[in-house]
Every structure is written in structure tokens, then in C-alpha cells.
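Chemist:
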Amino acid sequence: MNAPMSKTAVPALQLEGLRKSFGRTEIIRGVDLSIQRGELHAVIGPNGAGKSTLFNLITGRFAPTSGTVRLHGTDLAGMAPFQINRMGLSRSFQITNIFPKMTVFENVRCSLLWSQGYRYSFWNLVSRSRELNEGADEILEQINLTARRDLPAGVLSYAEQRALEIGITIAGGADVIMLDEPTAGMSHSETDYIVELIRKVTENKTLVMVEHDMGVVFGLADRISVLVYGEIIATGRPEDVRANPKVQEAYLGAALEAEH
Amino acid sequence: MTDTTHKSAVSTPASRLTLGQVAPWLFAIAFLVLLPFVFKSNAALTIMNQMMITIVFALAYNMLLGQGGMLSFGHAVYLGFGGFMCMHIMNAVEDNGLPLPLPLLPIFGGLFGLGLATIIGSFSTRRAGTVFAMISLGIGELIAACTVIIVVLFGGEEGISGDRTYGLPVFGYEFLQQIEVYYVLGFWTVLSALLMYLFSRTPVGRMANAVRDNPERAEFLGYSARWVRFYSFCASGFFAGVAGAMVAINYEILTEQSMSATQSGVILLVAFLGGVGFFFGPIIGAIVFTLLQSVLSLYTEIWQLYLGALFLATVMFFPGGLAGVLMMHVPVARLGKFGLLVMPYIKTLLPALVSVIGVSALMEIIFHYRHAPPGDEEMTLFWVTFDSHNLLAMLIAFVVAAAGFWVAKRNSGELRNAWHAANTPDGGRA
Ligand SMILES: Nc1ncnc2c1ncn2[C@@H]1O[C@H](COP(=O)(O)OP(=O)(O)OP(=O)(O)O)[C@@H](O)[C@H]1O
Ligand SMILES: [Mg+2]
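Protein chains in written order, with the numbering used here: chain H, 599 to 858; chain U, 82 to 511.
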């Protein structure tokens, strides 16, 4: 047992010796990482490095083979995604994961319910809560989907569904937000807009983001981790990571070249 | 009353009721109150009572299927259990002179339905999909088998009967007459439908839709898919129990047939026929089904064949059910282009109807030919009496069916074009 630490010193997220195997292949091969409260942290790395798997381990979608994940100091072992979410962690998905038959508005409103304390209420009518409906409309405004409000989410264009994916994730006001490739498939102007939005809604919050767009990563992140073949080969401030020769060799050289 | 949210939420203060929200309910109440003034006979009242029972049961069933994405093959169990318990209450009240007025019985039916659903739901709602469906089937068979084994509770093959005119008159009504029963059931039908509708607008009711669409994502929003399903399941069990109490009040007897697998299958058919995607779909399904069942069965022995054909046609061509077909016309009506459809509809549907009549005549003739006692070769069909062993009759029926089909098919292209035109805004894109 660790001695209780002062509140500010407890990292928002702490991974220790995290490992995950699917069958005989080990995908995450011992990850240690500590992300402070209020930090904007980017995870980068080549395709198939295990970034999404890492997200799935943190958020309870998969159980780790070994190692621990702590959220604000609490060990998440054995917790279901909904329990982790209730502790203030919200995530988005690389492959859009929305409620296709419900309207865009309903999608967002449903993501506000738990955080506004409605739990499993069957004695409140959702249409009667001003806070709930205005809150949902405000999110729609932020993600530029007000015009699509009453359409089934399934008929939106790809980029619009990506925006909705982010809206659903940030709606509940969680204090740890994890975004898996939020700007994938968006145009330049849409990307700029979404990055501004991410910056705004994560003020005073902790952000963990997987992103391939190096412009976004270096513009937004306080710290960056580079994941290659299930291992973090470097963690640090953007300029240090950029200068790191190991990173240059394994990933960044190619990725930065691709930018130009 | 559709699944989409009302636009009014933006422009009007969230806490005010709009006329559009209240009007359907007022209309339904007025309709139910006035109906017996039009259809006065006891036979009509019997059909209407059965219709209301089916409406409540189908709506309860759709809380699972349409709203919550749970396919149950054994939901009659909750109706039956509530109903049997109400029969026992009825008898106990009569024997002991307890002051329990008959109109309150559905509360108890509901509570027993809820109790059973709480027990079964505690493990069956852990998973959706095939696992849930199989558990519901197993439980359904299990409890249905109990009806003939646990005789004290379910009365064996005779069932449990009682007398609704037990006890105290309520405001002078003793429930001797069908019409009094009609209004008791009418009250519970409207109240149950309203409560089920309101349930669908609560946080847990909204999340039932979310869990239906994408259980995994719902879990990342703080909701356990399993508990969301559990709450829907319990609520559905409650209203199935209310329907069971309505059966007890109306028929004064419950038999194992009420909770059989057949009954569970029927309600699935009713809900699907009406349309599971809309709150009011099962209501339409219940009305159409009960009418077909009671009216058609008066005229033909093979009515189930027609029902099966209708069900098949619905599932294959209109998966949204009858409600879905109705709602398809909303955009057309909004554009004010309904007029474009009238003639093409007549030109296609009229021959189609002729064709259906031809096919059914053919079926009836063959059925009579095979099943009438030897020597009885005369049959009456559509007010015409003829010899069912005469090939000419079959030939005429066949020609009518084929001709109707051919004309309908020839005109269907025109209907398709008209449909397209009616859905295209003026000056807009296609
Ligand atoms: N559920 C699973 N079962 C088996 N293998 C899996 C599973 N999920 C991921 N993998 C494997 O793990 C490896 C890492 O996948 P992951 O999706 O985490 O990579 P990533 O870093 O997010 O890549 P990308 O940049 O393409 O999104 C891949 O080889 C993938 O095939
Ligand atoms: Mg990935």
C-alpha cells in the first residue's frame, strides 16, 4: 500500500507495467505512464502499435493481462466501462460509435443524462428539464450540428458523425477526456475548428489523445508519448520528443516527412 | 407519438405541454367513450374488450422489442401470471368479503407481473440478442408447463374461474353488464398506454433506445446496458400483468392457454404487424389483428392462413409495419402532394384487391373440396352458390386472381413514379 499522497500530486492517470496479449501475441508490452491533472497528452506511433488497445485497457473495454491502471489514484482493476465513466473519464472511438437510429439531438442528450444525475430515473420526463435540453443544444452548437438536430444520426456524413462522436464524448463534462484520432477523415478547416473546440472544452481538464496529424499533436499537446510495438519508447515535452534520435528513427522521421 | 423528438423543445419553454402532445390522448379518450354508442351489440363489445386487452399487452411487449431491442418468445407468462393471481384475488375477496373494488384489480395484476419480471429479469437481461431470446423461450415453456402441474395455482386444465360481480358495487355498478366492463377496461387501456408512453420519455426509457441501438457505447456514457434492460423488462412485466387482470375481469376465467407459447407468439406477430419502431404501432397491430381474428373467423375456417400471409407480407415488404406505412406518408403530406398519389393508388390497389379476392376464393374452393363431407358439394362464396367440385369455379377464381395481379403489376410503375414525384419538393433536387 502506498502512503496517501497530497491531492495535487496524484496523477489523473497512472499506468504501471501494463500488458495485453491476444492469444499468443503480446500487443501491449509493459507500459508505464503517468499523466498529470490538467495535462494535454498525445499518444503517437505507427499503425498497429497498440494505441487503441491502450485506450481500451484504460477505459475498461478490455481487461489487462497484467499491470494496473489508476484513475485519480484508484485502481480500475475489474471495473466495467460504465463504472469508470462515472468516475469522470469519457472517451471517443476511432471507429465511429454512435446511436444510429436516434436523432442527433437524442444522441447528445443521452450522453448528458448520467452526468446530470438522472441515473435510472423513471419519474423524470426528459423534455421537462431545461438544463438537459439546453445543454444538449449547446453541444450541438459547438460541434456545428444544429442544422442536423432532428435527423437520425445514421444518415449523417462521415465527418459529421466524427463531430458527433466528439460531442457525445465531451457532453458529460468528464474531467479526463480520451480521444482516439478525433480528426481522422476531416478536412483542414474542420480539423482546425475541432482542435480549437478540443482546446476550449479541455481547459482545466486532462486530455489523452491519439492523433496522426503532427500539426495537431505539436500544436496542442503539453507532453507526447511515442508508442512503438506496444512499448513507449519516449515520453516528454514536444521539442524533446522531436529531437529524440530513437523517435526519429522509429516513427517521427517518416511521419514528419509525410506532412510535407 | 413517434420516436423522433418534438421540434417544439427548442422554441417553447421545456416545461409547457403543447396541444400536439395532448390532442392524440384526448382524441383516444373521446373515441373510447363514444365507441359503444355506435357499436351497441354485446358481440361488438366483446370484440372491443378483447381489442383493448391486446392493445395493452402489445404495448407492454413493445417496451421490450421496439424500445429496448429485446426479442421475447415468452411474454405471455407475465400476462398469465398477473391474470391467474387476479382470479385468486377475486375469489378470496368473494369468500372473505374484503372491500376491494373490481376496477382496482389491474393494480394487483400489474404488481404480480412486476414481481415475476423482477425475478426472471434479474438473470435474463444480462445479455440481449439470441441469449435473451432463448432464455425467454425456456422460461416461457417452463412456466407454461407449471400450469398443468401446480394445480392449486393454475387450476390444471380447467383453469381458474371466478365471478367479477363479487363484492361491493362501485357507485352503484355491479359489473353484470358488458358495457360496464368495457368502461373499466377502457380506463385501464388509456391509463396504461399513457404511462407506457411517458416511461419512454424518461431517462431510463431514452436509454432503453440507446442500449437497443448500441449497448457498448451506452456503457461508456455511465449506463450499465444490463440494468437499463432490467428496468424496461420490469416495467413491461408490470403492464403485461395489467393486461392479465383485464383478461380476468373480462372473461372471469384464466386457463393455461393464456400463458402458452402460442399466446407469446401471437403478441410478437401483433407488435410486428403494427410496427415496432413507433410507439403507436402495436396499437394499430392490436386493432387490426383482433378485427381479423374475430370477423374473419366468422366467415372462414382458414382465417389463420390469411393472417399468416398478411404477417409475411408485412415482414417482407414493410418491415416498419402498418405504422411504418402510415408514417411514410408524412413527408408527402408535409409537401402537400397527397393528391398525386390518389389515382395511382386506386389504379394499383384496386386490381390488387381483386387479385387477393381471387386467390382467397381459390383457397376456399380447394379447402371445401378437400374437407366438406362426401355428398356436400355445394358452397357459398361472396354471395354466390356453386358446386365446389366443378372445375369451372376454380378456373374463374384463378383467372380473376391472375388478371387482378397483371393489372396491378402493370400499373405499379405509375405508382412508383407518382411516389417519387410526391416526395420531391418543388424546384428541389430529386
Ligand atoms: N480484439 C483484438 N483481438 C485480437 N487482436 C487485436 C484486437 N484488437 C487489436 N488487435 C491487434 O492489436 C494490434 C494493435 O492494434 P491497435 O488498434 O491498438 O493499433 P493502433 O495503434 O490503434 O493502430 P492504428 O493507428 O491503425 O489505429 C493490431 O495488430 C491488431 O490487429
Ligand atoms: Mg487505433
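Idealized CB from N, CA, C, for every residue including glycine.
1. Just verifying my parser: in three-state terms, what is the DSSP assignment at V465/U?
2. Determine, using beta-carbon pairs with one atom in the segment 158-172 of chain U and one in the segment 361-381 of chain U, whether at least three such pairs fall under 8 Å.
3. Would you mind stating whether R689/H and M807/H have Cβ atoms separated by less than 7 Å?
4. What in chain H is Cβ-close to S305/U, meaning under 8 Å?
5. Note down, in chain order, every chain H residue with its Cβ under 9 Å from the Cβ of P412/U.
6. Mapping the DSSP letters down to three states, classify A832/H as helix, strand or coil.
7. What is the DSSP secondary structure of Y247/U, counted as helix, strand or coil?
8. Per DSSP, what are the beta-bridge partners of R627/H in this structure?
9. On the three-state DSSP scale, how would you describe D176/U?
10. State yes or no: is the beta carbon of Y513/U nearer than 7 Å to at least one beta carbon in chain H?
11. Put S823/H into one of helix, strand or coil per three-state DSSP.
12. At a cut of 8 Å, does the segment 739-747 of chain H reach the segment 761-774 of chain H through at least three beta carbon pairs?
13. For A209/U, does the three-state DSSP call read helix, strand or coil?
14. Closer than 7 Å, CB to CB, is M807/H near chain U or not?
15. Within a Cβ cutoff of 7 Å, which residues of the same chain sit near V814/H, ignoring the five residues on either side of it in sequence?
16. Can you tell me where the beta strand (DSSP E) holding A640/H begins and where it ends?
17. Within the 7 Å Cβ cut-off, does N695/H reach chain U?
18. Hey, is K649/H close to ligand 1, as in C-beta under 6 Å from one of its heavy atoms?
19. Short check: CB of F193/U to CB of F235/U, under 7 Å?
20. Could you tell me if K649/H is buried or exposed, where buried requires 16 or more neighbouring beta carbons within 10 angstroms of its beta carbon?
21. Roughly how many angstroms lie between the CA atoms of I796/H and A757/H, to the nearest whole one?
22. Of all Cβ atoms in chain H, is any one closer than 7 Å to the Cβ of F399/U?
23. Tell me which residues of the segment 756-778 of chain H have at least one Cβ-Cβ distance to chain U shorter than 9 Å, keeping chain order.
24. Whose C-beta lies closer than 7 Å to the C-beta of V435/U among residues of the same chain, with five residues either side of it excluded?
25. What residues from chain U crowd round S719/H, counting only those whose CB sits closer than 7 Å?
26. Please list, in chain order, the chain B residues whose beta carbon lies closer than 7 Å to that of A291/U.
27. Any heavy atom of ligand 1 closer than 6 Å to the Cβ of G658/H?
28. Determine whether the Cβ of L749/H lies closer than 7 Å to any Cβ atom of chain U.
29. Could you check if Q681/H belongs to the surroundings of ligand 3, using beta carbon to heavy atom distance under 6 Å?
30. Hey, how far is the Cα of F620/H from the Cα of V328/U?
31. For A746/H, report the span of its beta strand (DSSP E) as first-last.
32. Indicate whether at least one CB of chain U lies closer than 7 Å to the CB of L723/H.
33. What's the C-alpha gap between M409/U and D294/U?
34. Name the residue from Y312/U, L377/U, M133/U, I201/U whose alpha carbon lies nearest to the alpha carbon of V285/U.
35. Does any residue of chain U have a CB that is nearer than 7 Å to the CB of N654/H?
36. Let me make sure I understand the geometry here. Which of M215/U, V376/U, F370/U, Y380/U has the alpha-carbon closest to that of T464/U?
Modeler: Quick answer:
1. If DSSP states are grouped into helix, strand and coil, V465/U belongs with the strands.
2. These segments do not touch.
3. No.
4. Residues of chain H passing the Cβ test: A678, F680.
5. Residues of chain H whose Cβ lies closer than 9 Å to the Cβ of P412/U do not exist, since the nearest Cβ in that chain is about 13 Å away.
6. Strand at A832/H.
7. Looking at Y247/U - three-state DSSP - the assignment turns out to be coil, as it is neither helix nor strand.
8. In the DSSP assignment, R627/H forms a beta bridge with R617/H.
9. DSSP places D176/U in helix when its eight states are reduced to three.
10. A question about residue 513/U goes unanswered here, because the residues of chain U that appear run from 82 up to 511.
11. Judged by DSSP in its simplified three-state form, S823/H adopts strand.
12. Two segments are said to touch when three or more pairs of C-beta atoms, one from each, lie closer than 8 Å; by this definition the segment 739-747 of chain H touches the segment 761-774 of chain H.
13. The answer is coil: DSSP assigns A209/U none of H, G, I, E or B.
14. So no, M807/H is outside the interface.
15. So the qualifying residues of the chain are T781, T789, V793.
16. First-last of the beta strand (DSSP E) with A640/H: 638-642.
17. Using beta-carbon distances, N695/H counts as an interface residue toward chain U, with a partner under 7 Å.
18. Because some heavy atom of ligand 1 lies under 6 Å away, the Cβ of K649/H counts as near it: yes.
19. Contact flag unset, no.
20. Looking at its Cβ environment, which holds 16 or more other Cβ atoms inside 10 Å, K649/H is buried.
21. Between the C-alpha atoms of I796/H and A757/H there is a straight-line separation of about 16 Å.
22. For F399/U, the answer is no, since every Cβ of chain H falls outside 7 Å of its Cβ.
23. Contact annotation: in the segment 756-778 of chain H, residues whose CB is within less than 9 Å of a CB in chain U are I766, T767, A769, G770.
24. Once the five neighbours on either side are set aside, the close Cβ partners of V435/U are V481, G485.
25. Near S719/H (Cβ distances below 7 Å), the residues of chain U are T283, P284, V285.
26. The structure shown contains no chain B; its protein chains are H and U.
27. Every heavy atom of ligand 1 is 6 Å or more from the Cβ of G658/H, so no.
28. No, L749/H lies away from the interface with chain U (no Cβ there is under 7 Å from its Cβ).
29. Ligand 3 is absent from the structure shown, which contains only ligand 1 and ligand 2.
30. When rounded, the separation of the alpha-carbon atoms in F620/H and V328/U is 55 Å.
31. For the sequence presented, residue 746/H should be read as Arg rather than Ala. Counting along the chain, R746/H falls outside any beta strand (DSSP E), and DSSP gives it neither H nor E.
32. Contact of L723/H with chain U is assigned, a C-beta pair being separated by under 7 Å.
33. Their Cα atoms are separated by approximately 21 Å.
34. Among Y312/U, L377/U, M133/U, I201/U, the Cα nearest to that of V285/U is on Y312/U.
35. No, N654/H does not count as interfacial toward chain U.
36. It is worth fixing the name first, because residue 464/U is Trp in this sequence and not Thr. When each option's Cα is compared against that of W464/U, the closest is Y380/U.
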